[in-house]
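J.: I have a structure I would like to understand better, so I am pasting it below and will then ask my questions one at a time.
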Amino acid sequence: GDGCPKACIASEKYTAALDVDCLDKQASVLREDYAWQSLTKQVCRKLDSVAESFPNFKEALNQYNCTQLFLQFGCGIVGLWSVLGQSIAMISTDICSGQYIGDTLEAKPLAVF
């Protein structure tokens with residue numbers, strides 16, 4: 002994941018930090034959060050770079066503005082992202098732990114928010 006060396010990701014402390022409910026903050030609060038804005042830009046930029054491997058997923062997201070989805074839904078993006086991943090692209094996602102498109106697109110976990 003970004004901002005954390007690979008060895009850190011496997012640590013007990015890192016795993017314990019993810020064991021929280023990532024649906025705590027309202028979207029209106031997150032829209033003003035610099036870290037959330039930064040994560041949004043990072044994920045959307047990375048999504049563009051791996052889109053060719055998952056055209057159905059990218060096509061579904063193209064109906065929306067990726068950045069606006071994160072800003073509009075806040076942590077509510079968790080459910081939407083999962084539905085898009087499973088029903089459209091047949092891929093496993095767990096964005097609370099940082100797996101936005103399986104192991105193909107990893108970024109900062111939403112659980113830290």
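Everything in the sequence shown is counted per this note's numbering, starting at 2 for the first residue and increasing by one. All C-beta atoms in this analysis are idealised placements derived from N, C-alpha and C, irrespective of residue type, glycine included.
1) Helix, strand or coil for I96 per DSSP?
2) Can you have a look at Y35 and say buried or exposed, based on whether 16 or more other CB atoms are within 10 angstroms of its CB?
3) If G80 sits next to I102, beta carbons under 8 Å apart, how far is it from one beta carbon to the other, in whole angstroms?
4) In whole angstroms, what separates the C-alpha of R32 from that of K47?
T.: The structure says:
1) Mapped onto the sequence shown, residue 96 falls at position 95. Note: I96 maps to coil in three-state DSSP.
2) Counted from its first residue, the sequence shown places residue 35 at position 34. Residue burial is scored here from C-beta neighbours: Y35 has fewer than 16 other C-beta atoms within 10 angstroms and is therefore classed as exposed.
3) In the sequence shown, the residue the question calls residue 80 occupies position 79. In the sequence shown, the residue the question calls residue 102 occupies position 101. With 8 Å as the limit, G80 and I102 do not qualify as a contact, their Cβ atoms being about 16 Å apart.
4) Mapped onto the sequence shown, residue 32 falls at position 31. Mapped onto the sequence shown, residue 47 falls at position 46. Computed Cα separation, rounded: 20 Å.
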